[in-house]
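Below is one structure, written out as structure tokens; comments come after it.
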Amino acid sequence: MTDTSSPPTDQLAATTLDDEVPKAQFSDRVPIRSIISRPDGGSGLAGRKARVGGWVKTGRKADKDAFAFLEINDGSCAGNLQVIVEASLGELGQLVLTGTCVVVDGHLKLPPAGTKQKIELRADKVIHVGPVDSAKYPLPKMRLTLEFLRDFVHLRSRTNTISAVARIRNALAYATHTFFNKEGFLYVHTPIVTTSDCEGAGEMFQVTTLLSEAERLEKELLQNPPPTEADVEAARVVVQGKGDVVSQLKAAKVTKPEIVAAVDELKKAKESLAKVEERSKLRPGIPKKDDGKVDYGKDFFARQAFLTVSGQLQVESYVCALSSVYTFGPTFRAENSHTSRHLAEFWMVEPEIAFAELKDDMNCAEAYVKFMCQWLLDNCLEDMEFMADKFDKGCIDRLKLVAFSPFIRVSYTEAVEILEDAVKNGKKFENEVKWGIDLASEHERFLTEVKFQKPVIVYNYPKEIKAFYMRLNDDLKTVAAMDVLVPKVGELIGGSQREERYDVIQSRIKEMNLPLEPYEWYLDLRRYGTVKHAGFGLGFERMILFATGLENIRDVIPFPRYPGRADL
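For the sequence shown, UniProt numbering assigns the number 1 to the initial residue and increments by one for each residue that follows.
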């Protein structure tokens, strides 16, 4: 057979010999997953050549430093591939260090009988070494707490836990798009910068250039002070003089070119005066109106703007034309909270369905959550088994429970009665139970983990604790809202039938002391061709918490943002 072991670089990815394991289409190496995640664990590939690359998880020298065993991982799966490197191929002292990046060519071999792995790679050549200074590398070969890893968000994806979470997160995102596309929904990109407060809570990050403009102006005025009143008066005198010249020339009936030239001089003088007057008004600091309030008309968007807390309102404009839509993107909340359940930046999945009522909304939410749970069981079981082994022994059973159990549906009033009965029977809650409260996490978890021991959908909440856009029920006390509650995290989804009646939603906005002007476009959806529609929002990180069993939401998003921290 012709030796093609060293083809030109641009042909490496395309090269596949009969005895060579196929490489990734866009990478010059064989993904470890395609070796060890086969049904036979890779044993069927014994005798074939492969180029693999990854980072050393553990390494050790053996047989008096004659060779080394390396456990390498490339992130394509949870498992590692054992690579045996002889001392003649490289500096073993560097290769065995945790964190070292290596690329090696070699032959896949069956390991000795009785060993855990089904296949190993015996290196023929070391192609690349990305060295590590073990004295400075912040992720040593030891059990590291998740709290410690939050100080190294740029490196923590190299750990088993965070890489498993990344694959689970990816699987759930893929499942989300798969579900909604399968059901005929269109994916709509809603804006991150918004002028609408969906929740009416006011806890929003403001987007403004006023501060940076104020700093720039302050520096400019120090270097080039604004004109004084005397400078302005001098410019006015020049204009007056130029005007007098034009008048005199006209009275003298001189030639037209002379008059035109004088008029041009007058125009220039007036333009110069306007600039001087404008600069004379410049003051350091944030621009203010006459009433002392900030003048947002001078801001970048000529009005107050914020980072979005939800894409719901905007995506509703599309559901009123395209019937079934969803948005999936980052949202922001400037809530000064340090709890394990809150982030300043988080992701939301928000579908909207036209020609739909609350029951349709509940059916969609239940089907979506079940689909995601089943997807993880079918496509991400290895990572889920890792989470079960290291963090939450019941996480896989919990996925199965949700995937295969019909969700219980109870009204808010029924839920409160259940909680009140529990209190009468000796159950103690930190938060008071009475009709009209917003159910706390402890109440939600009691319903799902103790009372019903399965997911629960609570619907028809008091209007006072829900947003203005939720449809008012006939009792005038409750709105057609629903929350999906699951074990471990409590509320996973919040949704409602939207208020489609123009007069009712206008009244609700006023009731909640919100200004009408920012929502005029939203009211247009009810003025022109209004339609019954419903939707919900799923907190994506909460879904990952539910799936993995992790306790802190900061560990299930790649780059967590919370009060005092916005690394990278």
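The beta carbon of each residue, even a glycine, is placed where N, CA and C say it ideally should be.
Spatially closest choice to residue i from the options, by CA coordinates
i	options	result
S310	P330, Y318 and K293	P330
P563	V103, H342 and L108	H342
D503	N460, V319, A252 and L472	L472
L249	Q240, A262 and V238	A262
K116	L282, R409 and G42	G42
F180	D290, Y368, S157 and I192	Y368
V193	R333, K136 and L221	R333
Y469	E278, K428 and L514	L514
P227	R279, L266, R236 and T190	R279
E20	K49, S34, R33 and V30	K49
K393	L155, P138, I259 and G549	G549
D361	E335, F67 and L538	L538
S88	V126, E147 and P131	V126
Residue i burial status per 10 Å Cβ neighbour count (16 or more: buried)
i	result
T9	Confidence at T9 is low in this model, with a pLDDT of 41, below 50, so its placement is unreliable and no value can be given for it.
M512	exposed
W375	buried
residue 572	Only positions 1 to 568 of the chain appear in the structure, and residue 572 is not among them; the question remains open.
S196	buried
V458	buried
L108	buried
D105	buried
G47	exposed
D397	exposed
D74	buried
F540	buried
N80	buried
V450	exposed
S76	buried
P225	exposed
A251	exposed
A175	buried
S247	exposed
L381	exposed
Whole-angstrom distance between residue j and residue i, CA atom to CA atom
i	j	result
A24	K182	28 Å
L64	I544	In the sequence on display, residue 64 carries Lys and not Leu. Computed Cα separation, rounded: 46 Å.
R51	L97	20 Å
residue 572	K57	Nothing about residue 572 can be read from this structure; the chain reaches only from 1 to 568.
Y296	Y519	18 Å
V188	Y318	8 Å
K434	D421	11 Å
D474	I493	24 Å
S507	L476	12 Å
E517	V479	24 Å
A415	L447	8 Å
S323	K488	34 Å
V556	V153	11 Å
L45	G59	23 Å
Y412	K427	19 Å
F306	P191	10 Å
L12	D383	In this prediction, L12 scores a pLDDT of 37, lower than 50, which makes its location untrustworthy; no coordinate-derived value is stated.
V238	V245	11 Å
L70	G54	10 Å
I505	F407	30 Å
G184	A173	17 Å
Q223	E203	38 Å
E350	G535	7 Å
L211	V260	45 Å
E491	S441	7 Å
E417	F452	14 Å
Reduced DSSP secondary structure (H/G/I, E/B, other) of residue i
i	result
Y318	helix
E345	strand
I557	coil
E71	strand
R60	strand
V232	helix
A173	helix
R38	coil
R303	coil
I192	coil
Q248	helix
Contact with chain B by residue i, beta-carbon distance below 7 Å
i	result
Q506	Looking at the structure shown, chain B is missing, and only one protein chain is on hand.
Looking at C-beta atoms only, is the number of pairs between the segment 206–213 and the segment 291–307 that lie closer than 8 Å three or more? yes
Closer than 8 Å is the cut-off here; do at least three beta carbon pairs connect the segment 353–372 with the segment 531–551? yes
So does the segment 119–132 actually touch the segment 31–42, counting three or more Cβ pairs closer than 8 Å? yes
Quick test of the definition: if touching needs 3 or more C-beta pairs under 8 Å, does the segment 333–347 touch the segment 462–472? no
Mind the definition here: the segment 260–274 touches the segment 226–246 only if three or more C-beta pairs lie below 8 Å; say whether that holds. yes
Does the segment 157–171 come close enough to the segment 380–389 to have 3 or more Cβ pairs within less than 8 Å? yes
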